[in-house]
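Below: one structure, written as C-alpha cells.
Protein chains: 2
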Amino acid sequence: MNVFVIGIGLIGGSMVKDIKAFHPEAVIYGIDTNEKHIEQALAIQLIDKKASYEDLSIADIVIVSVPVDVTLSVLPKVLDVVNDDTIVLDAGSTKVLICNTVALHPRRRNYLACHPIAGTEFSGPAAAINGLFDGKTNIICEVEKTAFKLQEKALAIFQELGMRIRYMNPVAHDKHIAYVSHLSHISSFMLGKTVIEKEQNERDIFDMAGSGFESTVRLAKSSPAMWTPIFKQNKENVIETLEEYIQNLEAFKKMIKEDDYDGIFQQMNSTNRIKEILNGIPINKK
Amino acid sequence: MNVFVIGIGLIGGSMVKDIKAFHPEAVIYGIDTNEKHIEQALAIQLIDKKASYEDLSIADIVIVSVPVDVTLSVLPKVLDVVNDDTIVLDAGSTKVLICNTVALHPRRRNYLACHPIAGTEFSGPAAAINGLFDGKTNIICEVEKTAFKLQEKALAIFQELGMRIRYMNPVAHDKHIAYVSHLSHISSFMLGKTVIEKEQNERDIFDMAGSGFESTVRLAKSSPAMWTPIFKQNKENVIETLEEYIQNLEAFKKMIKEDDYDGIFQQMNSTNRIKEILNGIPINKK
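Line by line, the protein sequences are chains A and B.
Numbering of the first sequence is given in the numbering used here, commencing with residue 18 and proceeding in unit increments.
Numbering of the second sequence is given in the numbering used here, commencing with residue 18 and proceeding in unit increments.
Here it is, written out as C-alpha cells:
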C-alpha cells in the first residue's frame with residue numbers, strides 16, 4: 018500500500034504513524050514544501066521516502082494535511098494526477114470553500130472531505146503521535162459525492178484509527194465548528210494577548226498563574242499559519258460567533274458594574290451545565 | 018496538633034488531607050454550615066471530628082476555606098476565640114477586603130493572608146485530593162503583620178505541602194490575579210454560555226467539540242457560590258480586565274471584517290510567546 022502525505026505535520030504525521038502501525042508493509046511517501054520537515058520526517062521514520070506530485074499516480078491513499086488556503090490549490094493538483102482507485106482525504110477545519118473548489122473536478126469522486134476533530138497545540142513532524150485519533154470524531158461532508166468503494170477504503174482506515182464518523186453538509190459543518198472550535202481559539206488568543214500586554218514588564222506575575230489560566234490560554238500556542246486561513250475561509254460564521262461572545266461579555270460586565278450579583282450567580286449556575294455536555298464529548302469517554 | 022478546617026471543600030479538604038499525611042497524629046476538626054459536607058467528610062475520614070467555633074480555643078492551626086464573602090464574617094469570629102499560639106490561614110482569591118476587614122482586630126497577628134494558586138474545577142469534600150499544592154505558588158500578603166513564630170509555623174506546613182512562596186501586597190495581588198485568574202473564569206463562562214445558547218437544540222453538535230473546546234470551557238464548571246463574591250470583591254480590577262479583553266476581541270473582529278489577514282497572523286504570532294510564559298508557570302515544572 019502506497020500512502021502519500023502532503024504536509025507532514027501534527028495531523029498528517031499522526032495519521033501515517035497510525036497507518037504504518039496497522040500496515041507495516043505500507044510505504045509512506047512525504048511531500049512538503051518545507052525541506053526541513055521532509056528531512057526531520059525521514060530522520061524519525063515518519064515517512065519512508067520523499068516524493069513529488071508526479072509520484073502520485075502510484076498512490077493508494079493521499080492525505081492532504083496542509084493549511085486550508087493551501088488545500089485550495091493542492092487538492093485539484095492532486096486530483097489531476099491520481100488514478101481511479103486512489104482515495105484522497107483532507108483534514109481541514111473548514112469545508113465549504115474546499116468542497117466548492119473541487120465540486121466540478123472530473124475526479125471529484127476520488128475525494129472524501131474530512132475533518133478529524135483531533136489535535137494538540139503543537140505542530141510539525143515531531144508533534145506527530147500514535148493514537149491521536151483514537152476515540153475522536155471525524156466529520157465527513159458530501160459523502161455521496163465520493164465513489165462508494167473509495168469511501169469503504171477510507172472508512173476501514175478510520176476504523177483502525179478508532180474514529181467515530183459523523184456525516185454533515187459543509188454549510189452546517191462550517192457554522193457549528195465556528196462555535197465549538199474557531200471561537201475557542203480566538204477567545205484563547207485574545208486572552209493571552211490581554212494578559213501579555215498588561216503584564217509585559219512584570220514577568221514574575223506569571224508565577225501567579227495556575228492551571229486555570231494555562232487551560233484557557235492553551236490554544237493561544239496554536240499555529241498562526243494554520244489558523245489565519247481558517248478564519249478567512251469561515252469569515253461570516255466566525256464574525257457571528259464573535260459578536261455573540263462579545264455581547265455576552267458586555268452583559269456580564271454590565272451586571273458587575275450594576276452590582277447585579279444574583280444575575281451573575283444565575284448565569285454561571287446555568288452555564289455549569291457545560292459539565293454534562295463535556296461528559297458527552299467523545300474525548301472524555303476514553 | 019489540632020487542625021481546624023472551616024469550609025470542608027476542595028481547598029481546605031486537600032490541605033488537611035496533606036497535613037494528616039505528614040502528621041498522622043494530628044486531629045482534624047471540621048466546621049461547615051453544610052451538614053451533608055460534614056457527614057461526607059467524616060465518612061471519607063477527611064476530618065476526624067465535627068466541631069464548632071467554641072472548640073477553636075484548642076486549635077493550633079485554623080484553615081478558613083469558605084467563599085470570600087463568608088470569610089469576611091468568619092475570620093473576625095475565629096480571631097475572637099483563638100489563643101495566642103494559633104495560626105489562622107485563609108485561601109481566598111481576593112485579599113484587599115479580607116485584609117482590611119481584620120486590619121484592626123486585636124488578634125491580627127494570628128492571621129496569615131494566603132492565596133494558594135491551586136485547584137480543580139470540582140468542589141466539595143469529595144473533590145479533596147493529596148498533593149494538590151505540590152509545586153504550586155502560595156501568595157502571602159502583609160506577612161509583616163503576622164507574628165513571626167506563627168509565620169514560621171505556617172511556612173513549615175507550606176514546605177511540607179511543596180508550595181513556593183511569594184510575598185505581595187493585597188492591592189497588587191488583587192490587580193494581577195484579575196488578569197491571570199479572574200478574567201480566565203469569565204472568558205470561560207461566557208464562552209460556554211455562547212455555545213450552549215446557540216446549540217441548545219442541537220445536542221449532537223457537541224460531538225464536534227474536541228479537546229480545544231474542552232480546555233477553554235473547563236473553568237465554566239467552577240462553583241458560582243465561590244466565584245460570585247470574588248467578582249464582587251474585585252469589581253474594579255475585573256471590570257478593567259474585561260474591558261481590555263473585549264477591546265482586543267473587537268479589534269480582532271474588525272481585522273477579520275476588513276480582511277486584514279496579515280494583521281491577524283501577526284497578532285496570533287506575537288501571542289504565541291505565551292508558550293514560553295506557560296513553560297515558566299510552576300504547574301508545568303513538575
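Here a beta-carbon is modelled for each residue, glycine too, at the ideal position from N, C-alpha and C.
Interface flag, residue i vs chain B, CB-CB below 9 Å
| i | result |
| --- | --- |
| A/Q176 | no |
| A/M285 | yes |
| A/F21 | no |
| A/R125 | no |
| A/T288 | yes |
| A/L208 | yes |
| A/H40 | no |
| A/N51 | no |
| A/E282 | The identity of residue 282 of chain A in the sequence shown is Phe, whereas the question assumes Glu. Chain B, which has a Cβ nearer than 9 Å to the Cβ of A/F282, makes this yes. |
| A/K249 | yes |
| A/L236 | yes |
| A/D224 | yes |
| A/I203 | yes |
| A/L121 | no |
| A/F165 | no |
| A/E161 | no |
| A/I146 | no |
Below-9 Å beta-carbon distance, residue i vs any chain A residue
| i | result |
| --- | --- |
| B/H54 | no |
| B/P246 | yes |
| B/E267 | yes |
| B/D216 | Here residue 216 of chain B is Glu; the residue named in the question, Asp, does not match the sequence. Yes, B/E216 lies at the interface with chain A (some Cβ there is under 9 Å from its Cβ). |
| B/I263 | yes |
| B/H84 | A small correction: the amino acid at residue 84 of chain B is Pro; His does not occupy that position in the sequence shown. No, its Cβ sits nowhere closer than 9 Å to a Cβ of chain A. |
| B/K34 | no |
| B/A173 | no |
| B/T118 | no |
Residue from the options whose Cα sits closest to the Cα of residue i
| i | options | result |
| --- | --- | --- |
| A/E293 | B/G148, B/I256, B/E231 | B/E231 |
| B/D86 | A/Y278, A/T154, A/Q176, A/I174 | A/Y278 |
| B/G152 | A/S204, A/D224, A/A189 | A/D224 |
| A/Y128 | A/P84, A/F282, A/M32, A/D97 | A/D97 |
| B/H132 | B/S110, B/K192, B/I55 | B/S110 |
| B/S31 | B/G179, B/N51, B/V119 | B/G179 |
| A/K112 | A/H40, A/A130, A/E261, A/V81 | A/A130 |
| A/G47 | A/P41, A/A60, A/D65 | A/D65 |
| B/N155 | B/A135, B/S140, B/E161, B/A242 | B/A135 |
| B/D101 | B/R124, B/V79, B/K192 | B/R124 |
| B/A68 | B/L259, B/E260, B/I55 | B/I55 |
| A/A43 | A/I263, A/S204, A/K34 | A/K34 |
| B/V105 | B/L121, B/D77, B/A120, B/I115 | B/D77 |
| B/V81 | B/D49, B/S239, B/L63, B/I146 | B/D49 |
In DSSP terms, what residue i is bridged to
| i | result |
| --- | --- |
| B/L106 | B/I80, B/L129 |
| A/T154 | A/R181 |
| A/K67 | A/G47 |
| B/I23 | B/I48, B/V81 |
Any non-hydrogen atom of the ligand MN within 8 Å of residue i CB
| i | result |
| --- | --- |
| A/F150 | Among the ligands in the structure shown, none appear at all, so the ligand MN cannot be discussed. |
CA-to-CA distance, residue j to residue i, given in whole angstroms
| i | j | result |
| --- | --- | --- |
| A/Q176 | A/I256 | 35 Å |
| A/P187 | A/D107 | 13 Å |
| A/M18 | A/A268 | 56 Å |
| A/F206 | A/L89 | 26 Å |
| A/R235 | B/M285 | 13 Å |
| A/A15 | B/N265 | There is no way to answer for residue 15 of chain A, as the model of chain A reaches only from 18 to 303. |
| B/K170 | A/Q57 | 54 Å |
| A/H193 | B/I182 | 44 Å |
| B/V20 | B/L208 | 40 Å |
| B/D191 | B/E161 | 18 Å |
| B/F39 | A/L59 | 51 Å |
Contact set between residue i and chain C, taken where Cβ atoms lie within less than 7 Å
| i | result |
| --- | --- |
| A/Y184 | Protein chains A and B are contained in the structure displayed, whereas chain C is not. |
Practice task
Can you check the segment 196 to 243 of chain A for any alpha helix (DSSP H) of at least 4 residues that lies completely inside it and give the ranges in chain order?
Solution key: You should have 200 to 216, 228 to 234.
Problem - Sequence ranges, alpha helix (DSSP H) only - wholly within the segment 239 to 284 of chain B, length at least 4 - result: Listed in chain order, the complete alpha helix (DSSP H) runs (minimum 4 residues) inside the segment 239 to 284 of chain B are 241 to 250, 252 to 274.
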